[in-house]
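Numbering (our numbering) for the sequence shown: 844 to 1009. A virtual CB, placed ideally from N, CA and C, is assigned to each residue, including glycine. These numbers were taken from a predicted model, which means no experiment stands behind them. Before any comments, here is the structure.
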Amino acid sequence: MRHTISILVENRFGVLTRVAGLFSGRGFNIESLTVAETQDPQVSRMTIVTRGEDRIIEQINKQLNKLIDVIKVTDVTAEEHVERELVLIKLNAEEKNRPEILRMTDIFRGKVVDVSARSYTVEITGSDSKIKAFLEMVRPLGIQEVARTGKVAISRGARTLAPKNK
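This is the structure we're talking about:
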């Protein structure tokens, strides 16, 4: 089963290596990983997407909690949450393709962020299924390059991963 794990960590050198090492040391692949500062510059949020049996992921979560710089670990998979990913797609922009690229970008609520004589770069934000659908639609037009951010996720409603005031 696919799991989305949100982790608050101290914003220190080497934390990412220790967290990633915990996964690789147990033979788990990280499908996507995003890390950035939170509202507190001394704290970062990691969002990790991986696959594994529930009981194994539960063990990994417990071991993550034991790491010295980890503040809080939450597997948001089973709870109400919002998740998004951003993708930049550089497309062939031949004269005949340009109206179709603009139409599809508009339908998917994306935007063209760069234009050159031979290519358009499009930004799409949304769920994994939305991004996959857009990529399938534009594939016949010619994809030159794709860059994806990885998934970010946050709990819905009053539930928060943020630590209580220090």
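Linking glycine 870 to alanine 879 through their CA atoms gives a straight-line distance of about 25 angstroms. An exposed status is given to lysine 954, since fewer than 16 other beta-carbon atoms sit within 10 Å of its beta-carbon. Taking C-alpha positions only, threonine 860 is separated from aspartate 949 by approximately 39 angstroms. The C-alpha of proline 942 is placed about 33 angstroms away from the C-alpha of serine 875.
Excluding five sequence positions before and after leucine 945, none of the CB atoms of its chain fall closer than 6 angstroms to its own CB. Under the three-pair Cβ rule at 8 angstroms, the segment 989-1003 counts as touching the segment 913-923. Around glutamine 885, the same chain offers Glu853 and Asn854 as residues with beta carbons nearer than 8 angstroms, after the five sequence neighbours per side are excluded. Taking a C-beta distance under 8 angstroms as the contact criterion, leucine 931 and threonine 890 do not qualify as a contact pair.
Between lysine 933 and glutamate 988, the beta carbon gap of about 4 angstroms places them in contact (Cβ cut-off 8 angstroms). The secondary-structure analysis by DSSP pairs asparagine 935 across a beta bridge with Ser962. Burial state of serine 849 is buried, judged by a 10 Å Cβ sphere holding 16 or more other Cβ atoms. For serine 972, the enclosing alpha helix (DSSP H) starts and ends at 971-981. Just measuring C-alpha positions, the residue of Ser887, Phe866, Asn872 and Asp883 sitting nearest phenylalanine 856 is Ser887.
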